[in-house]
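In my numbering, the protein residues as written are 48 to 252.
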């Protein structure tokens with residue numbers, strides 16, 4: 048088991064990926080959309096089923112393509128992509144009311160599969176449909192997306208609302224279970240924050 052679980056959060060502009068992270072960390076939501084222009088790194092500690100787990104959550108700005116390697120022409124050539132290939136799990140967020148945002152994570156997922164080192168252990172990918180509170184504006188039926196993601200892509204799928212803090216904790220508890228946390232296998236997992244979780248645990252790089 049790794050000492051710190053590294054998590055990358057990816058998605059197109061305006062899908063609410065940063066809102067999901069901030070809701071998880073600080074239990075807050077802002078109606079004002081501020082575009083993510085630089086990689087943000089958060090270092091929270093969470094308690095699940097009585098055990099402490101350190102996380103490194105990296106909130107990336109929209110990227111044009113997943114880096115093909117870690118050399119100068121790849122991950123480390125773009126400061127926004129640093130660390131993106133060495134994470135233990137990916138959260139790919141799309142807006143259920145925006146078809147293009149789904150196409151974006153579809154492309155990124157395929158690039159992750161094509162560029163990750165062959166022979167390494169499989170890295171979990173969870174697809175997240177955000178803005179469930181805007182259900183009436185959905186552009187793709189939930190069943191169609193869930194069926195595609197779970198049966199064809201073999202990924203986890205969760206819908207949430209960052210605005211109303213719906214399924215946010217479920218997302219991260221499922222994520223920890225997916226990365227092989229032996230103590231997080233219970234269906235009804237409880238999760239809470241360590242007192243050490245503070246705003247200054249976030250660094251912008």
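Note that the Cβ used here is the ideal one computed from N, Cα and C, for glycine as well.
Between residue 137 and residue 172, the C-beta spacing is below 8 Å. Annotation: residue 194 is outside any beta strand (DSSP E); the continuous alpha helix (DSSP H) that includes it extends over 189 to 194. Contact check for residue 180 and residue 208: beta-carbon distance about 4 Å, within the 8 Å limit, so the pair qualifies.
For residue 103, the enclosing beta strand (DSSP E) starts and ends at 98 to 106. Under the rule that a run must span 3 or more residues, the beta strand (DSSP E) segments found entirely inside the stretch 140 to 184 read 172 to 177. Straight-line measurement puts the Cα of residue 146 at about 31 Å from the Cα of residue 102. In this structure, residue 67 and residue 140 form a Cβ contact; the two beta carbons are roughly 7 Å apart against a cut-off of 8 Å. Secondary-structure assignment with DSSP links residue 53 through a beta bridge to 103. At the C-beta level, residue 152 and residue 63 stay beyond 8 Å of one another. A distance below 6 Å between beta-carbons, with the five flanking residues on each side excluded, links residue 202 to the following residues of its chain, in chain order: 172, 174, 196.
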